[in-house]
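If you want this note's numbering, it's the position in the sequence shown, counting the first as 1, plus 13.
For each residue, glycine too, the CB sits at the ideal point set by N, CA and C.
Just so it is clear, the structure is predicted and the values come from calculations on it, not from any experiment.
One structure is given here, and the rest of the page talks about it.
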Amino acid sequence: MAGGWRLLYFSAPTRGEQVRLLFHAASTPFEDVRLDFPKGITPFKHSVLGQGSPLMFDQLPAVTSPDGTHVAQVAACMQFVGRSVGFAPESPAQDARAMALTLYSEEIRDSVFYKLLIPAVICGLLRKKILTSASRIIGFHTIIAADSEW
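If you want it as structure tokens, here you go:
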């Protein structure tokens, strides 16, 4: 990854999305590395790469700068990229406000995303279990969509 920016994040509009949008807003080219959840992160972890891992906490998103600096956590990534591409506020007060807005956007996303994600995951798992059980018990290979909607 020599010579350019790289963003590692899960292939979903979650924590890495705002960093990706920042790169686009700044018209800054970057390597857009979207990983499958949860196993896509494994090859980048410390247990595999040791000190060469770009993941400070074995979590995503993570940004690597052209000089090889690795930064983790959304707010830190936003601040680092913003400062590096000329999008950071000049005064400490404005910079603190930008950080507060970034952290608040995390809270908003968490309150909306996880409330939607968790029920969808549970419904998907239940639906899969019902279809598997119905197939075994009743001998059906499919259930009418209306029978499996929640």
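Query: Whose C-beta lies closer than 8 Å to the C-beta of R28 among residues of the same chain, with five residues either side of it excluded?; Result: Y22, L73, P74, V87, E119 and R122
Query: Classify T115 as helix, strand or coil using the three-state DSSP reduction.; Result: helix
Query: Can you give me the start and stop residues for the beta strand (DSSP E) that F23 sits inside?; Result: W18 to F23
Query: Going by DSSP in three states, T82 sits in which element: helix, strand or coil?; Result: coil
Query: Name the residue from F57, G17 and A38 whose alpha carbon lies nearest to the alpha carbon of G95.; Result: A38
Query: With DSSP collapsed to three states, give me the class of R76.; Result: Looking at the sequence shown, residue 76 is not Arg but Val. V76 falls in the strand class under three-state DSSP.
Query: Span of the alpha helix (DSSP H) holding R47?; Result: Element bounds for R47: not the alpha helix (DSSP H) but the beta strand (DSSP E), F43 to L48.
Query: Quick check on M69: buried or exposed, where buried means 16 or more other Cβ atoms within 10 Å of its Cβ?; Result: exposed
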